[in-house]
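Undergrad: Okay, here's the structure, questions in a sec.
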């Protein structure tokens, strides 16, 4: 199980992006509120989650995805991914898209790493496809782009 949330006092775009990314990563979205990092980790641990993703923002848009590994006694920051948002899902469709499975071919190293961290593996039978064109990642339903559309990288 995985959880995804935002930093404290997030901008609207970061909240929406975190929910959209949660649909892609099969992660449960947690409303952060005033919860501390320790409280988020305790909640995740109590519910059996082994990963927590936190979307941070800068300048009114998502900026980073922090990946935290959690086990019974410890937790650690595993990776930091940097995000440049191009379009939210709501620009493409007003329906929330919960992807049970997804197919994907060549994706950027960072996107591949994030998918592996979330234990998302390609399913060639899926009606959803993750496509990486010119460094921009987006989700398609058949030939229709349903978003979100973003660039991701890590150092």
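Residue numbers (our numbering): 2 to 156.
Glycine included, C-beta positions come from ideal geometry on N, C-alpha and C.
None of the values given here were measured: they were computed from a predicted structure.
(1) Got a sec, what are the start and stop residues for the beta strand (DSSP E) residue 133 sits in?
(2) Report the three-state DSSP secondary structure of residue 86 (helix, strand or coil).
(3) Helix, strand or coil: which one does DSSP assign to residue 140?
(4) Starting from residue 9, follow the beta strand (DSSP E) in both directions and report where the run begins and ends.
(5) First and last residue of the alpha helix (DSSP H) that includes residue 47?
(6) According to DSSP, residue 71 sits in a beta bridge with which residue or residues?
(7) I need the straight-line Cα distance from residue 21 to residue 119, nearest angstrom please.
(8) Using beta-carbon positions only, say whether residue 11 and residue 58 come within less than 8 Å of one another.
(9) Cβ of residue 87 within 8 Å of Cβ of residue 152?
(10) In this structure, what does DSSP give as the bridge partners for residue 25?
(11) Going by DSSP, name the residue or residues bridged to residue 56.
(12) Just to confirm, is the Cβ distance from residue 121 to residue 103 under 8 Å?
(13) Mapping the DSSP letters down to three states, classify residue 92 as helix, strand or coil.
(14) Provide the residue(s) that pair with residue 35 in DSSP beta bridges, ordered along the chain.
(15) Taking buried to mean at least 16 other C-beta atoms within 10 Å of its own C-beta, is residue 37 buried or exposed?
(16) DSSP three-state call for residue 156: helix, strand or coil?
TA: So, from the data block:
(1) Residues 129 to 134.
(2) Strand, per DSSP.
(3) In the structure shown, residue 140 adopts extended strand secondary structure according to DSSP, grouped into three states.
(4) From DSSP, residue 9 is part of no beta strand (DSSP E); its letter is neither H nor E.
(5) Unbroken alpha helix (DSSP H) run through residue 47: 38 to 47.
(6) Bridge partners of residue 71: 76.
(7) Between residue 21 and residue 119, the C-alpha separation is close to 14 Å.
(8) The Cβ atoms of residue 11 and residue 58 lie closer than 8 Å to each other.
(9) Yes, these two residues count as a Cβ contact at 8 Å.
(10) For residue 25, which the question treats as bridged, DSSP gives no partner whatsoever.
(11) Answer by DSSP bridge pairing, in chain order: 7 and 66.
(12) Contact flag set, yes.
(13) Note: residue 92 maps to helix in three-state DSSP.
(14) According to DSSP, residue 35 bridges with nothing at all.
(15) With fewer than 16 neighbouring CB atoms inside 10 Å of its own CB, residue 37 falls in the exposed class.
(16) Of the three classes helix, strand and coil, the one that applies to residue 156 here is coil, per DSSP.
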